[in-house]
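*Asks:* Quick note on my numbering: the sequence shown kicks off at 4 and runs consecutively.
Just so you know, even glycine gets a beta-carbon here, dropped at the ideal spot from N, CA and C.
Supplied in structure tokens, the structure appears directly below.
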Amino acid sequence: MIGLTSIQVSELLKQYGLNSIKEEKKKLLVIKFIEQFNNFLTILLFIAAGLSFLIGEKIDGGLILAIVILNGIFGVYQEFQAEESLAVLKKITVTKVRVIRDGKEQEIDSIYLVPGDLVKIEEGTKISADGKLLEVVNLEINESILTGESLAITKRIKDDLFSGTIVSRGRGIYQVTLIGMQTRFGKI
């Protein structure tokens with residue numbers, strides 16, 4: 004296997020950019036809280052609380068309002084937890100990888116992977132970009148970070164690999180098909 008040439012890599016880097024997950028701008032806490040109430044059911048509950056106050060049922064109106072507000076606070080907390088988890092996941096995706104370029108095996112930072120790169124993987128390797136398997140020797144992949152499934156998945160030639168997953172057994176070579184925000188991990 005020859006892999007990509009240095010010229011091809013340079014062109015592909017210009018075309019696709021770096022293999023990294025971009026962070027969205029963080030929203031203010033107040034904005035996150037207000038967004039929790041932007042759905043039909045919550046608006047309906049606000050209307051019900053308002054009507055309860057209008058007809059003199061202050062306790063019912065207060066309870067409905069309290070539940071809706073507590074639900075909003077809980078929603079903001081869950082969103083915060085999800086952002087923290089995503090930050091941890093992003094940290095584990097930056098790693099060194101072994102690629103075949105210009106007919107030689109090279110070690111590069113995973114942010115420089117481009118579609119078409121041939122990546123060698125073995126037990127313990129973190130998959131840094133989505134791709135298709137070209138060679139496989141007893142390969143099993145832990146995809147729990149994406150699927151929640153605790154058991155490793157046996158992979159065969161032409162099977163897909165996904166960024167963020169880990170080789171739990173065996174070895175192989177895969178060709179990168181998607182990088183950065185285009186990967187399954189990047190779309191989470």
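Going by beta carbon distance, what residues of the same chain come within less than 7 angstroms of N145, once the five residues before and after it are set aside?
*Replies:* Contacts found: A155, T168, I169, S171.
*Asks:* Is I67 closer than 9 angstroms to A52 when the C-beta atoms are compared?
*Replies:* In this structure, I67 lies closer than 9 angstroms to A52 by Cβ.
*Asks:* Kindly indicate which residue of L142, S147, V102 has the alpha-carbon position closest to the one of V12.
*Replies:* It is V102.
*Asks:* If you follow the beta strand (DSSP E) that S171 is in, where does it begin and where does it stop?
*Replies:* Unbroken beta strand (DSSP E) run through S171: 169-181.
*Asks:* Is it buried or exposed, T98, if we count other Cβ atoms within 10 angstroms and call 16 or more buried?
*Replies:* Result: exposed.
*Asks:* Nearest to N141 by CA position, among E60, F56, E125, is which residue?
*Replies:* Nearest of E60, F56, E125 to N141, Cα basis: E125.
*Asks:* Counting C-beta neighbours from all protein chains within 10 Å, is the total for N22 16 or more, i.e. buried, or is it exposed?
*Replies:* By the neighbour-count rule (16 or more Cβ atoms within 10 Å), N22 is buried.
*Asks:* Suppose you measure from the CA of F49 to the CA of E110; what does that come to, to the nearest Å?
*Replies:* Distance between the alpha carbons of F49 and E110: 58 angstroms.
*Asks:* Hey, quick one: how far does the alpha helix (DSSP H) through Q18 stretch, first residue to last?
*Replies:* 9-19 is the extent of the alpha helix (DSSP H) around Q18.
*Asks:* From L89, G134, G127, pick the residue whose C-alpha is nearest to that of E143; which is it?
*Replies:* Measuring from the Cα of E143, the nearest candidate turns out to be G127.
*Asks:* DSSP beta-bridge partners for Q109?
*Replies:* Per DSSP, V102.
*Asks:* Considering only residues of the region 48-90, which uninterrupted alpha helix (DSSP H) runs meet the minimum length of 4 residues and lie entirely inside it, listed in chain order?
*Replies:* Here no run is fully enclosed.
*Asks:* Measure the C-alpha to C-alpha separation of G64 and S55 and round it to an integer number of angstroms.
*Replies:* One C-alpha to the other measures close to 5 angstroms.
*Asks:* So, are the CB atoms of I5 and G106 less than 9 angstroms apart?
*Replies:* Yes, the Cβ-Cβ distance between I5 and G106 is below 9 angstroms.
*Asks:* Where does the unbroken alpha helix (DSSP H) through I148 begin, and where does it stop?
*Replies:* I148 -> alpha helix (DSSP H) spans 147-150.
*Asks:* Exposed or buried, A90, counting other C-beta atoms within 10 Å across all chains shown (16 or more means buried)?
*Replies:* Exposed, because fewer than 16 other Cβ atoms sit within 10 Å of the Cβ of A90.
*Asks:* With H, G and I counted as helix, E and B as strand and the rest as coil, what does DSSP make of V122?
*Replies:* In the structure shown, V122 sits in a strand (DSSP, three-state: E or B).
*Asks:* Can you tell me which of the three DSSP states K35 falls into?
*Replies:* Of the three classes helix, strand and coil, the one that applies to K35 here is helix, per DSSP.
*Asks:* Please tell me whether E132 and L116 are closer than 9 angstroms, where the distance is taken between their beta carbons.
*Replies:* Checking the sequence, you will find Ala at residue 132 rather than Glu. Contact flag set, yes.
*Asks:* Check whether the Cβ atoms of Q18 and V79 lie closer than 9 angstroms to each other.
*Replies:* Taking 9 angstroms as the Cβ cut-off, Q18 and V79 do not qualify as a contacting pair.
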